[in-house]
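Asks:
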Amino acid sequence: MSTATFELAATSSEVLNVIAAFVGGMVIAGALIWAVQFGMRVRDRELPRPTVGEQPHLPDTGAVHEERELREPDEVPHSTGRERLLPHELHHAGSKRSEDQHRRRWLPGKSGSFGGGGLGHS
Numbered sequence: 107m108s109t110a111t112f113e114l115a116a117t118s119s120e121v122l123n124v125i126a127a128f129v130g131g132m133v134i135a136g137a138l139i140w141a142v143q144f145g146m147r148v149r150d151r152e153l154p155r156p157t158v159g160e161q162p163h164l165p166d167t168g169a170v171h172e173e174r175e176l177r178e179p180d181e182v183p184h185s186t187g188r189e190r191l192l193p194h195e196l197h198h199a200g201s202k203r204s205e206d207q208h209r210r211r212w213l214p215g216k217s218g219s220f221g222g223g224g225l226g227h228s
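For the sequence shown, the positions run 107 to 228 when this note's numbering is used.
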């Protein structure tokens with residue numbers, strides 16, 4: 107094979123790579139256009155958005171406020187005579203309402219985290 111044959115083969119390979127990249131780009135662009143049109147058709151079939159009058163609004167009594175309560179861990183009951191507990195024998199939540207709802211406050215200068223920048227114990 108001569109040098110001219112190698113150059114011709116290399117040139118045709120480059121041309122094929124450019125053509126393949128162009129065709130691949132056209133396929134991806136076509137897929138994106140189809141996806142947008144499909145999404146528009148689906149959106150047209152959906153129910154219309156609610157009007158301003160149909161939007162949710164605050165109750166007449168005003169905003170609902172949060173409740174604060176102290177929680178404590180709810181221990182897993184021991185099995186009675188069997189190897190393990192079944193799911194229906196467990197509680198719904200991992201914590202329960204504490205009997206003592208008094209919130210313990212920290213005293214300034216008497217607590218804090220290590221490296222918190224405070225004065226610590228004084």
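Note that CB positions come from ideal geometry on N, CA and C, so glycine has one too.
Under the three-state reduction of DSSP, which class applies to E178: helix, strand or coil?
Replies: Against the sequence shown, residue 178 aligns to sequence position 72. Strand, per DSSP.
Asks: For L201, write down the residues that DSSP places opposite it in a beta bridge.
Replies: Indexing the sequence shown from 1 puts residue 201 at position 95. For the sequence presented, residue 201 should be read as Ser rather than Leu. Answer by DSSP bridge pairing, in chain order: P179.
Asks: Measuring only the C-alpha atoms, how far is G131 from P154?
Replies: As a first step, residue 131 must be located in the sequence shown, where it is residue number 25. As a first step, residue 154 must be located in the sequence shown, where it is residue number 48. The straight-line gap from Cα to Cα measures roughly 36 Å.
Asks: Just the Cα atoms here: how many angstroms apart are K202 and L191?
Replies: The sequence position of residue 202 within the sequence shown is 96, counting from 1. The sequence position of residue 191 within the sequence shown is 85, counting from 1. Roughly 19 Å between the two C-alpha positions.
Asks: Rounding to the nearest angstrom, what Cα-Cα distance links Q207 and E175 in this structure?
Replies: As a first step, residue 207 must be located in the sequence shown, where it is residue number 101. As a first step, residue 175 must be located in the sequence shown, where it is residue number 69. For Q207 and E175, the distance between alpha carbons rounds to 7 Å.
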